[in-house]
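Counting from 1, position 112 in the first sequence corresponds to residue 423 in this note's numbering; the numbering is continuous, with no gaps. Ideal Cβ placement from N, Cα and C applies to all residues, glycine included. Owing to the predicted nature of the structure, the values given are computational and were not obtained by experimental measurement.
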Amino acid sequence: MLIFDQEITGLARDLIGARLFVRGTGGMVLETEAYGRNDPASHSFRGPSTRNAAMFGPPGSVYVYLSYGCHLCLNVVGRAGEAVLIRAMLPEAGVALMRERRRGGAPLLAGPGRTGQALGIGLADNGKRFDGAEFTLESRTEARELLVGPRIGITRAADLPWRFGLAEASGLSRAFPAQARGNNLA
DNA sequence: CTCTAGATAAACT
DNA sequence: GTTTATCTAGAGT
Numbered sequence: 312m313l314i315f316d317q318e319i320t321g322l323a324r325d326l327i328g329a330r331l332f333v334r335g336t337g338g339m340v341l342e343t344e345a346y347g348r349n350d351p352a353s354h355s356f357r358g359p360s361t362r363n364a365a366m367f368g369p370p371g372s373v374y375v376y377l378s379y380g381c382h383l384c385l386n387v388v389g390r391a392g393e394a395v396l397i398r399a400m401l402p403e404a405g406v407a408l409m410r411e412r413r414r415g416g417a418p419l420l421a422g423p424g425r426t427g428q429a430l431g432i433g434l435a436d437n438g439k440r441f442d443g444a445e446f447t448l449e450s451r452t453e454a455r456e457l458l459v460g461p462r463i464g465i466t467r468a469a470d471l472p473w474r475f476g477l478a479e480a481s482g483l484s485r486a487f488p489a490q491a492r493g494n495n496l497a
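Here it is, written out as structure tokens:
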């Protein structure tokens, strides 16, 4: 079982190799980033607001935000004010529908904006739960080797190694820097 | 490979 | 009113 109520980096690691589905589309999670409560790069840094309200919902909630005015990004909420951004997945379920939503553009799920588009999420999904209804999460079953590196596309706290990826996976949003290997999952 | 335009919600001054 | 933001597609070198 996946534990949502734990340190956010732990949740980000546990989500690698897990399977995530949104209304029948999705697949294995390949890449995540952790965002903490007192993390200058996090939307929750300045406290609760209309935009980030879902980040303060119960662990296991859905947090969706609009990035750069055009990209919807999906997050898994952990403890209050903490969340994990889903950056890349392996297309496994509902591939035809995802391809249609991406209008034939490939890749389907490599990158947070592409993932949001392929899964068909919207701001209206904020506050929903990963409870198996519309949003489902199945924990990883086997041990996997993990890549660790700095987060992408942020300006503050850019040095924290809070980005995680599945080793040997193709379909990551970007390659990890060298030295990223060597952390086995439990 | 690098560069740039594009899109809009919310925080900030 | 202005700026920034957890990016991407498409054009250019």
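Item                                                                                                                                          : Value
Under DSSP, the beta strand (DSSP E) around Gly338 begins and ends at which residues?                                                         : 336-346
Looking at the structure shown, is Met409 part of a helix, part of a strand, or coil, going by DSSP?                                          : helix
Secondary structure at Pro402, three-state DSSP: helix, strand or coil?                                                                       : strand
Thinking C-beta only, is Arg324 closer than 9 Å to Gly392?                                                                                    : no
Along the chain, which unbroken stretches of the alpha helix (DSSP H) at least 4 residues long are found entirely within the stretch 437-462? : none
Could you tell me the boundaries of the beta strand (DSSP E) in which Arg425 lies?                                                            : Run containing Arg425: none in the beta strand (DSSP E); it sits in the alpha helix (DSSP H), 423-430.
Gly482: buried (16+ other C-beta within 10 angstroms of its C-beta) or exposed?                                                               : buried
Thinking just about the alpha-carbon of each residue, which of His354, Gln317, Thr336, Ala352 is nearest to the one in Ala420?                : Position check: residue 420 holds Leu in this sequence, whereas Ala was assumed. The candidate whose alpha carbon is nearest that of Leu420 is Thr336.
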